[in-house]
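All letters in the sequence shown, in the order written, are residues -19 to -1, 1 to 313 by mature numbering (1 follows the signal peptide of the UniProt record, and there is no 0).
We treat Cβ as the ideally placed atom computed from N, Cα and C, and that holds for glycine.
All values derive from a computational prediction rather than experimental measurement.
Working notes, structure below.
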Amino acid sequence: MRYLKGYCLLLMASLAACSKSSTSTTYLGNWVKKRPQYRGVARSNAASFVIGNKAYVGTGYDGNDRLKDFWAYDVDQNMWTNVAPFDGPARSGAVGMAIGTKGYIGTGYDGINKLNDFYEYNPDANAWTRKADFGGTPRYGAVAFGLKDFGYIATGYDGNWQVDNWEYNPATNSWTQAQAMISGKRQDASAFVIGNKAYVCMGTANSTFITDFYVFDGDTKSWATLNSIDNVSDSSFDDSYNFKGSGAASFAIGGKGYIVSGTKGSLSSAVWEYNPQNDRWTQKTDFEGAARTGATGFNVKDRGFVVLGVSNNQPFDDMLEFYPNAEYNKND
């Protein structure tokens, strides 16, 4: 009898061990797929900006053509409407930002030429106006952000990878070279804004994913170095960091930044949350749409969305909303 009892205990321990090893890690956060599809054709590498309760998304590449149509998503009405088409040449890989009550689109690639033209959108007039050309070299794959009364375009690819940073003053319609990012030339990086600071990470150069991470302060107009997004320190906080890549969507809500999907050698569905209070990243529930690159992320009224993108030459027009503190629900 004692041998049978011992065998049962051994079997139970073995089953418990198997159960523990086969349990997948569960992360916090929930993606809601029941959001209206983008009304334009499916595409990737679009540009966007947010004014009030609306996100404006346009340009991009549908797999055959560069585009110039623009659509506005009204978060209160939960619907997309067509607005005036972009006034410049059709393009992909452009950047967008809002300064005050106006939106701005510039740079990009038209299929032949790298571009440096720059345009302002007035939502009251539903009209575009060409402004002073971008002060840097023509390029695509840059990042842009608005801080207080100024806009910024940094990094990108002009035939070489760039690390420069340019400030646009809408009051004078002029560009001034601002402090360049500390290091890490790159294209297809991700950026998000929290308060009056812009955070820039990820990207690629020389067939290598960039792992350094920087913050630009809109008050001091200077960059500071943050912890790397890779496992490079002797401390344990970054042991799980494995999200270096490019072409990820990004947005900030609730005082935290989010990096979604993108390519990391292969397409990834991973979602990571950045807390500026302690300079730490936490993995969240995976993106519930198809893994993709070249998607667009935006924040409207402190709600985070990801729309568009491409996977294996298949562009998307779906849009999902992320609730970072909700439990995962596969049925919504």
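Alpha carbons only, please: which of the options is nearest the one belonging to residue i?
{"i": "S25", "options": "R47, V31, K14", "result": "R47"}
{"i": "V64", "options": "T7, S73, F51, D219", "result": "F51"}
{"i": "D57", "options": "G44, K282, D298", "result": "K282"}
{"i": "D198", "options": "G228, I175, T185", "result": "I175"}
{"i": "W262", "options": "D200, G243, Y222, Y90", "result": "Y222"}
{"i": "A135", "options": "A172, Y54, F268", "result": "A172"}
{"i": "D293", "options": "D43, R16, T277", "result": "Before going further, note that residue 293 is Asn rather than Asp in the sequence given. When each option's Cα is compared against that of N293, the closest is D43."}
State the Cα-Cα distance for the pair residue i and residue j, rounded to the nearest angstrom.
{"i": "V291", "j": "T88", "result": "21 Å"}
{"i": "D313", "j": "A307", "result": "12 Å"}
{"i": "A161", "j": "K311", "result": "43 Å"}
{"i": "D219", "j": "G246", "result": "20 Å"}
{"i": "N141", "j": "R72", "result": "19 Å"}
{"i": "Q295", "j": "T6", "result": "30 Å"}
{"i": "N97", "j": "A230", "result": "23 Å"}
{"i": "D105", "j": "S217", "result": "51 Å"}
{"i": "S2", "j": "Q168", "result": "Below a pLDDT of 50, predicted positions are generally treated as unreliable, and S2, at 37, falls in that range; the measurement from the model is reported next regardless. Spanning the two alpha carbons is a distance of roughly 39 Å."}
{"i": "Y138", "j": "T266", "result": "32 Å"}
{"i": "Y54", "j": "I32", "result": "10 Å"}
{"i": "V213", "j": "A251", "result": "20 Å"}
{"i": "E101", "j": "G81", "result": "11 Å"}
{"i": "A271", "j": "T185", "result": "22 Å"}
Which partner residues does residue i have in the DSSP bridge list?
{"i": "S29", "result": "V38"}
{"i": "I80", "result": "K83"}
{"i": "I234", "result": "K237"}
{"i": "D55", "result": "K35, M60"}
{"i": "D211", "result": "N223"}
{"i": "Q258", "result": "In DSSP, Q258 forms no bridge with anything."}
{"i": "E148", "result": "Y133, T157"}
{"i": "A276", "result": "DSSP output for A276 lists no bridge partner at all."}
{"i": "F99", "result": "G87, K112"}
{"i": "G127", "result": "G132"}
Which class does residue i belong to by DSSP, given the choice of helix, strand or coil?
{"i": "E269", "result": "coil"}
{"i": "L(-9)", "result": "Any reading at L(-9) needs caution, since the residue's pLDDT is 40, under 50, leaving its predicted position unreliable; the model's value is listed next. Correct three-state label for L(-9): helix."}
{"i": "L289", "result": "coil"}
{"i": "K178", "result": "strand"}
{"i": "K112", "result": "strand"}
{"i": "M300", "result": "strand"}
{"i": "E308", "result": "coil"}
{"i": "Q18", "result": "coil"}
{"i": "F190", "result": "strand"}
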